[in-house]
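Residue numbers (the numbering used here), protein chains in the order written: chain A, 1 to 409; chain B, 1 to 409.
Right, dumping it as structure tokens:
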């Protein structure tokens, strides 16, 4: 959580964090600012001090909405700095950072940098700044960056954002089920009023519109994949496919708050009209593991235990797993879950053995089985959080049913 | 244009370009790949050679759709490199780039880097790579980067993308006008069927939906600002404002192709019902300058001439301009236009005196006058391109009318 930042900075030997870029779709900056219209800002957080946001005076009202201490970045006059450096933008930007650092009393120590930025700018400007300030060590953390560690556990406000996204998600999923069931079947496929088959592309377009109407973003698209595509975890579905009865449809939806905020992640597997025996069996096997995991998930357990448990249970039912064969394309082929927040995939991950479901984490639980050559796949995914008292909260409830009954035309 | 890259690289003394990151919403990568689902890729273009795209085998079909020469990035095994470097992701990534460079025969020379990347990664990995390969000079260009110079002029395919975005834009604008005019006025404001006033927020939501329905993105939002807000060029409009008759509405819309592709930029100023005399006068002054500029715009002219001309014409009519007072908040307060493409604002800009409207540029022409204290503002903006034969094309036509007639309830 944000309140852990000073401790985490101390552990990492960092004296300050520098976060740069826009607020929108830039998790490191959004983490501090929330959803405001800041086109470009710099935020400096020194250990033991409140963060300070430097931004453009045109955006001062937006900056004030963040509740952060703000400073006017225009006081560091780029036109003057450009003159001073003979028109060199790299040196001008580096001088600007140097002056900002000095004004903050930051003249020595380790400073780590964050934010989605133009690669040339990060490389050139921060190297120039490093040369200007030899007493400062600029650090580009890639292994468990302090901000990622802080973001691994969520505070009550972040949980509330996630709950709202959960509510929007199940509303959109519910509309999708109603929309499908408002169609009748003819010759084994859903047809529209004009008798033409409904396509995956049309369904996806509707899902996208409902998301936008609810005021959220759908920046990564949705997975709505039928038959063989449902058997390939990363297939998003072919827009021209028709909606045939008796085939698995994997519907994985991961909406995001406007401006690049908190995500929610959710999957159901549906079968229109009826489920053939082998599909029902596939679903039953996934459902049994899903129910078992939801019961067994506990605060402070190693996340990897859920992965091992999933493999064990699926193997008992005769399915291949990645534990036995890391390259298998059939059976259980992925991880059991991941943290979710400003990034769709973030800490904790179930892969490294040391990851623990600490109070405050928000994670997905998503067992699945995939048989592309048999034209089917099934995944069930809910998102849960771990409370400080150790209790587990299912963030958004929605029926797990496989079959969506369909009327015949 | 892309075909100029080798010449531009030679002028800049560059031997290779390295473009990294996703294809989506990453202009430098999108420029080469177009709209494909590539989550992370590296593209290397050596001078005098075709670019090569390194990407994940899971995305090989998407990569093939780019028409680029591709290589499998998974052949550079990160797990092995991590072992080799004791689990250091920075060194592992740097070694991977080193091997890629060596396999391409790129062992010496100047390599410039591009793409929207995590700042820590750009700083740490490219510095580590620099240390591994002292014969290579890694360059972070910030002043007229070679890719920006290439992108300044558009080839026929890019123009076609822009034309399509222009067509979508005027369709959405036309729907917006129809939507407003489908409402009646009561006590000087537009009202809905339930008698409640229509708000700016509701109009913006509709605009957003029409954009999404047309299959395009609206990542920056639209400006739909009335009255005093219309008099502040960067105000996007207050969602709670009602649609009062007789007030200027500045409607500036800048949609983007899905996945972060080409933009279009367009502004009209509307007045619902009727125009009070001072509003009509404001509009007439802007319109006269707009018409004049559209006539005077010529291939190979300095862009700044249009800026000077605008100031001259507005000053003649008694308006303040930024030429007289760079800090004025009233009168003509901004630039006359900018290039448009994968970035909403890109080369050429009308500010530096040397920028020229070369064949291939696509630029906006957008004179405006702002009087926030009088509760009004007016801007008219069209986007034009300069053809190789020197002719100017207005990319999307739409009436310039100020008043939208409204029925009384």
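For glycine and all other residues, C-beta sits at the position ideal for the given N, C-alpha and C.
Span of the beta strand (DSSP E) around residue i
{"i": "residue 45/A", "result": "41-46"}
{"i": "residue 137/A", "result": "136-139"}
{"i": "residue 72/B", "result": "69-72"}
{"i": "residue 110/B", "result": "109-114"}
{"i": "residue 16/B", "result": "16-21"}
Nearest-angstrom Cα separation, counted from residue j out to residue i
{"i": "residue 158/B", "j": "residue 27/B", "result": "13 Å"}
{"i": "residue 138/A", "j": "residue 116/A", "result": "16 Å"}
{"i": "residue 397/A", "j": "residue 231/A", "result": "25 Å"}
{"i": "residue 54/A", "j": "residue 63/A", "result": "9 Å"}
{"i": "residue 491/A", "j": "residue 273/A", "result": "The requested residue 491/A does not occur in the structure, where chain A is confined to residues 1 to 409."}
{"i": "residue 410/B", "j": "residue 84/A", "result": "Since the first and last residues shown for chain B are 1 and 409, residue 410/B lies out of range."}
{"i": "residue 331/A", "j": "residue 167/B", "result": "47 Å"}
{"i": "residue 310/B", "j": "residue 336/B", "result": "7 Å"}
{"i": "residue 410/B", "j": "residue 22/B", "result": "The first residue shown for chain B is 1 and the last is 409, placing residue 410/B beyond what the model contains."}
{"i": "residue 404/A", "j": "residue 314/A", "result": "25 Å"}
{"i": "residue 265/A", "j": "residue 383/A", "result": "6 Å"}
{"i": "residue 215/B", "j": "residue 325/B", "result": "43 Å"}
{"i": "residue 51/A", "j": "residue 263/A", "result": "24 Å"}
{"i": "residue 334/B", "j": "residue 341/B", "result": "20 Å"}
{"i": "residue 204/B", "j": "residue 88/A", "result": "41 Å"}
{"i": "residue 93/B", "j": "residue 147/A", "result": "21 Å"}
{"i": "residue 328/B", "j": "residue 258/B", "result": "37 Å"}
{"i": "residue 35/A", "j": "residue 100/A", "result": "25 Å"}
{"i": "residue 66/A", "j": "residue 29/A", "result": "11 Å"}
{"i": "residue 393/A", "j": "residue 387/A", "result": "7 Å"}
{"i": "residue 155/B", "j": "residue 47/B", "result": "20 Å"}
{"i": "residue 1/A", "j": "residue 144/A", "result": "14 Å"}
Assigned exposure category for residue i - 16 Cβ within 10 Å defines buried
{"i": "residue 304/A", "result": "buried"}
{"i": "residue 108/A", "result": "exposed"}
{"i": "residue 102/B", "result": "exposed"}
{"i": "residue 367/B", "result": "buried"}
{"i": "residue 60/A", "result": "exposed"}
{"i": "residue 196/A", "result": "exposed"}
{"i": "residue 7/A", "result": "exposed"}
Endpoints, alpha helix (DSSP H) assigned at residue i
{"i": "residue 79/B", "result": "78-84"}
{"i": "residue 368/A", "result": "Element bounds for residue 368/A: not the alpha helix (DSSP H) but the beta strand (DSSP E), 368-371."}
{"i": "residue 147/B", "result": "146-151"}
{"i": "residue 285/A", "result": "277-296"}
{"i": "residue 125/B", "result": "119-132"}
{"i": "residue 89/A", "result": "89-103"}
{"i": "residue 348/B", "result": "No alpha helix (DSSP H) holds residue 348/B; the beta strand (DSSP E) holding it covers 346-349."}
{"i": "residue 33/B", "result": "27-33"}
{"i": "residue 325/A", "result": "Element bounds for residue 325/A: n/a, residue is neither H nor E."}
Minimum Cβ-Cβ distance from residue i to chain B less than 8 Å
{"i": "residue 240/A", "result": "no"}
{"i": "residue 94/A", "result": "no"}
{"i": "residue 121/A", "result": "yes"}
{"i": "residue 213/A", "result": "yes"}
{"i": "residue 89/A", "result": "yes"}
{"i": "residue 42/A", "result": "no"}
{"i": "residue 348/A", "result": "no"}
{"i": "residue 133/A", "result": "no"}
Bridge-paired residues (DSSP) for residue i
{"i": "residue 434/B", "result": "Since the first residue of chain B shown is 1 and the last is 409, residue 434/B is not available in this structure."}
{"i": "residue 185/B", "result": "190/B, 408/B"}
{"i": "residue 225/B", "result": "250/B"}
{"i": "residue 314/A", "result": "None, per the DSSP bridge assignment."}
{"i": "residue 376/A", "result": "371/A"}
{"i": "residue 393/A", "result": "385/A"}
{"i": "residue 419/B", "result": "Past the edges of chain B, shown from 1 to 409, lies residue 419/B, and the structure says nothing about it."}
{"i": "residue 364/A", "result": "383/A"}
Cutoff 8 Å: residue i Cβ touching any chain A Cβ
{"i": "residue 257/B", "result": "no"}
{"i": "residue 17/B", "result": "no"}
{"i": "residue 208/B", "result": "yes"}
{"i": "residue 345/B", "result": "no"}
{"i": "residue 168/B", "result": "no"}
{"i": "residue 113/B", "result": "yes"}
{"i": "residue 290/B", "result": "no"}
{"i": "residue 141/B", "result": "yes"}
{"i": "residue 440/B", "result": "Beyond the ends of chain B as shown, which are 1 and 409, falls residue 440/B; an answer cannot be given."}
Heavy atom of the ligand FMN within 7 Å of residue i beta-carbon
{"i": "residue 80/B", "result": "As for the ligand FMN, it is missing from this structure, which has no ligand bound."}
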